[in-house]
Amino acid sequence: MNWFSSFPQMNDSSLTALKKAIDEGFRQFTRQYGDTIEGFFTPLQAFLIWAERLMINTPWPIVLAVVGAIAWLASRRVSVTAAAIATLLLIGYFGMWEDTMRTISMILVCTVLSIAIGIPIGILMARSAAVQGCINPVLDVMQTMPSFVYLIPVVMLLGIGRVPGVIAVVIYALPPIIRLTNLGIRLVDRDMLEAADAFGSSSWQKLRKVQLPLALPTIMAGINQTIMMALAMVVIASMIGVQGLGQPVLKAIANQYFTLGIFNGLAIVGIAIIFDRVSQAFGLRLQKHREAVHG
Amino acid sequence: MAEPSGLGIEIRHLFKIFGPSPAAHVQKVRDGLSKAELMARHQHVLGLNDINISVPAGSIQVIMGLSGSGKSTLIRHVNRLIEPTVGEVLIGGADVVKMSKAELLQFRRHQTAMVFQKFALLPNRTVLENTVFGLEIKGMPRNVQVERAMRWIERVGLGGFEGRYPNQLSGGMQQRVGLARALANDAPILLMDEAYSALDPLIRMDMQTVLLDLQKEIRKTILFITHDLDEALRLGDQIAILRDGKVTQQGTSQDIVLRPADDYIANFVKEVNRGRVIRAEAVMAPPGPTEGPRISRVASLDEAMRLLSRSGAQTAAVIDEAGRIVGSLDLPLIVSSMAPHEPEMAQNDQRVPLFS
């Protein structure tokens, strides 16, 4: 009756052997292909460094002006624009300007990458039930797997630095943009698609003139979510050498520096709110045509 | 590109069965299996059952039927939004059913345009942007698109609204945009799928007038789907009545009202304002006294009655286009023709009513 009271698990020696074999296999793989893979990511590394330098070397008044202009163009609201500028001024005044610029450049690169990868995948998913069936479980894993777990192989392959950080952030931030692109396209009214067909649209014309424009508000919501999730990863990414607002937080945790932690934490919250409000206001403006209703 | 107007539509032996293996059941339907039996015994839905309709170029063909009769399925076979199970749809001699994918796109871009029951306008586009849609798909130069779209926007009475969004317009105005979008395509065939069913009655009458006025100049081949017999009688040069996927009667409005093919149609016709539909020539008596007012043979009984009562005469002479007297009408005859009596069956080919 031993099997009844204690679980009949694999015996310890074969379990250890299995783990060892997998570890050994992966290490082998790393040794063999690590350089190739690193080479593959060199352009990304260069781009990251370029973006970071750009943000840091640009004089602060110009950065403020650009952020203000973007906020205004996207939202057309004085309140949003003023709040964005005020937040950045406060952050700078408390001595976190450079770290903030590093974090913003990182988030921008991650967001652009996520959009560039996520929207095409979302479109493919919307066009084929089979693709959707394959990718959905992958997205589930990406969203539920603790990020520390996939940091391990990434660090083993690429070491510590910006590129592994970006990969970790993109893995974490990618699912919402894929899911919402897929959803937005699937939600497009069948009548609209039928009309497009009746006028002789090719499937590319249908995508470009009907599906994507009508899905755009949903896709914008996905981009907003992606930005927020990328920001949430800033501290974790700093553990593998990504510089920015995450590093002081990490230092604060290790040494129990309460004020350092809270200042940098608030700065992260500040940029999150700027990104969120500006992108939401832009999404809302895309739907202007829905507001005015006849009657 | 301005296509030469004047393509007729010829639908021959068209069957549509919905289900996992439709082709296997066509023969049984040909042999007389009914829609209900096909459903009960084989779990397949009979959409269309041996449809044969021939629409001359430049005329309005109305397909009338209640919901579930297959009328929307039928119109979607003309531009092959739905694939037929078997059959032919010949347009200008080409069989739409046999076209390749690329040919079908070109056919839809240049030969047909469609108006939808729920308008199907793009909400993120203005009236102008919606109207150019078909031209954009064809890849026309932008200035031609705008110029042509603006002309049709004016023509359907929406001048000044081209910058509005569909949400800012009433249902009637939205459907005018739908009509302008279809007409801007300048295709010889216009498909109208319950185009006016979502509009309220006054607006509907109004839009029917718009269509009839336009048709005088554009002379398109129009396939018009409706569930409203009054609308069918007003618009249709030819009317086909569809029931359970089968055409139960085809003919002019006079044929349908005066000689309904079965009780089902007779039941519909009972509710129709006969005075407005029936023409003088359909019920006139042989030529009688030649005094009294003259009435055109295509005048409705309503018009004839108004003319007679205004003139105070007892009888009116019915004349043809050349002015020759071809018959006579008096008030009792008109009144008895207008009252819905027991349905005269088609085989009872008696033009002069019994109580004259």
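Sequence order for the protein chains is A and B.
Just so it is clear: in the first sequence, position 150 is 150 by this note's numbering, and no numbers are missing.
Just so it is clear: in the second sequence, position 68 is 1068 by this note's numbering, and no numbers are missing.
Every residue, glycine too, gets a C-beta built ideally from N, C-alpha and C.
8 Å CB neighbourhood of residue i in its chain, flanking five on each side removed
{"i": "B:I1265", "result": "I1241, T1248, Q1249 and I1256"}
{"i": "A:F148", "result": "I236"}
{"i": "A:F47", "result": "V109"}
{"i": "B:P1004", "result": "With a pLDDT of only 42 at B:P1004, under 50, the local geometry of the prediction cannot be trusted, and no value is derived from it."}
{"i": "A:T87", "result": "G270, I271, I273 and I274"}
{"i": "B:P1123", "result": "Y1165, P1166 and N1167"}
{"i": "A:V168", "result": "Val is not the amino acid found at residue 168 of chain A; the sequence shown has Ala there. For A:A168, where only same-chain residues beyond five positions count, the Cβ hits under 8 Å are S147, Y150, L151, V154, M233, I236, A237 and I240."}
8 Å Cβ cutoff, residue i in contact with chain A
{"i": "B:N1079", "result": "yes"}
{"i": "B:G1163", "result": "no"}
{"i": "B:G1058", "result": "no"}
{"i": "B:P1188", "result": "no"}
{"i": "B:I1137", "result": "yes"}
{"i": "B:F1133", "result": "yes"}
{"i": "B:L1202", "result": "no"}
{"i": "B:N1167", "result": "yes"}
{"i": "B:K1016", "result": "no"}
{"i": "B:Q1350", "result": "Residue confidence is low: B:Q1350 scores 45 on pLDDT, short of 50, so the model does not pin down where it sits. No coordinate-derived value is stated."}
{"i": "B:M1001", "result": "Only weak support is given to the placement of B:M1001: the predicted model assigns it a pLDDT of 38, under 50, and the question is left unresolved by the model."}
Residues near residue i in its chain [Cβ-Cβ closer than 6 Å; skip 5 each side]
{"i": "B:L1090", "result": "E1010"}
{"i": "A:L216", "result": "L286"}
{"i": "A:I185", "result": "A126, Q211 and A215"}
{"i": "B:R1276", "result": "S1300 and D1302"}
{"i": "B:I1203", "result": "G1172"}
8 Å Cβ cutoff, residue i in contact with chain B
{"i": "A:A296", "result": "One cannot answer for residue 296 of chain A here, as it falls past the ends of chain A, which runs 1 to 295."}
{"i": "A:S128", "result": "no"}
{"i": "A:L180", "result": "no"}
{"i": "A:L313", "result": "A question about residue 313 of chain A goes unanswered here, because the residues of chain A that appear run from 1 up to 295."}
{"i": "A:Q28", "result": "no"}
Strand pairing of residue i, partner residues [DSSP]
{"i": "B:A1316", "result": "B:L1329"}
{"i": "B:G1251", "result": "B:I1239"}
{"i": "B:E1136", "result": "DSSP lists no partner for B:E1136."}
{"i": "B:L1223", "result": "B:Q1061 and B:L1191"}
{"i": "B:S1300", "result": "B:R1279"}
{"i": "B:L1090", "result": "B:E1010 and B:D1095"}
{"i": "B:T1112", "result": "B:I1189"}
Chain-ordered chain B contacts of residue i [CB-CB under 7 Å]
{"i": "A:V188", "result": "Here the premise fails: no neighbours, minimum Cβ distance about 10 Å."}
{"i": "A:A198", "result": "N1079, L1081, R1108 and M1114"}
{"i": "A:Q205", "result": "I1137"}
Residue i, buried or exposed, once every other Cβ within 10 Å from all chains shown has been counted against 16
{"i": "A:C110", "result": "buried"}
{"i": "A:R76", "result": "exposed"}
{"i": "B:V1176", "result": "For the record, residue 1176 of chain B in the displayed sequence is Arg; it is not Val. Flag for B:R1176 reads buried."}
{"i": "A:N2", "result": "exposed"}
{"i": "B:M1114", "result": "buried"}
{"i": "A:W159", "result": "Note that residue 159 of chain A is Gly in the sequence shown here, rather than Trp. Classification of A:G159: exposed, given that the 10 Å Cβ count is below 16."}
{"i": "A:L187", "result": "exposed"}
{"i": "B:G1032", "result": "exposed"}
{"i": "A:D197", "result": "buried"}
{"i": "A:T42", "result": "exposed"}
{"i": "B:H1013", "result": "exposed"}
{"i": "B:G1087", "result": "buried"}
{"i": "B:V1318", "result": "buried"}
{"i": "B:F1018", "result": "exposed"}
{"i": "B:W1152", "result": "buried"}
{"i": "B:D1330", "result": "buried"}
{"i": "B:A1304", "result": "buried"}
{"i": "A:V112", "result": "exposed"}
{"i": "B:P1141", "result": "exposed"}
{"i": "B:V1335", "result": "exposed"}
{"i": "A:P164", "result": "buried"}
{"i": "B:E1217", "result": "exposed"}
{"i": "B:K1270", "result": "exposed"}
Within chain B, the residues that residue i reaches when beta carbons sit closer than 8 Å
{"i": "A:V210", "result": "L1122"}
{"i": "A:M192", "result": "A1120 and L1122"}
Amino acids of chain B, ordered along the chain, whose beta-carbon sits closer than 9 Å to that of residue i
{"i": "A:Q256", "result": "Ordered by position in chain B, no residue passes the 9 Å Cβ test against A:Q256, which lies about 53 Å from the chain."}
Closer than 7 Å at the beta carbon, the chain A residues around residue i
{"i": "B:F1116", "result": "D191 and A195"}
Same chain only: Cβ atoms within 7 Å of residue i, ignoring 5 sequence neighbours per side
{"i": "A:Q143", "result": "P175"}
{"i": "B:A1057", "result": "G1006, L1007, G1008 and T1221"}
{"i": "A:Q28", "result": "none"}
{"i": "A:A281", "result": "A74, S75, R77 and V80"}
{"i": "B:I1060", "result": "Q1215, I1222, F1224, L1235, G1236 and D1237"}
Where residue i meets chain A, residues with beta-carbon distance less than 9 Å
{"i": "B:I1222", "result": "Simply none; closest approach about 15 Å."}
{"i": "B:L1105", "result": "G200, S201 and S202"}
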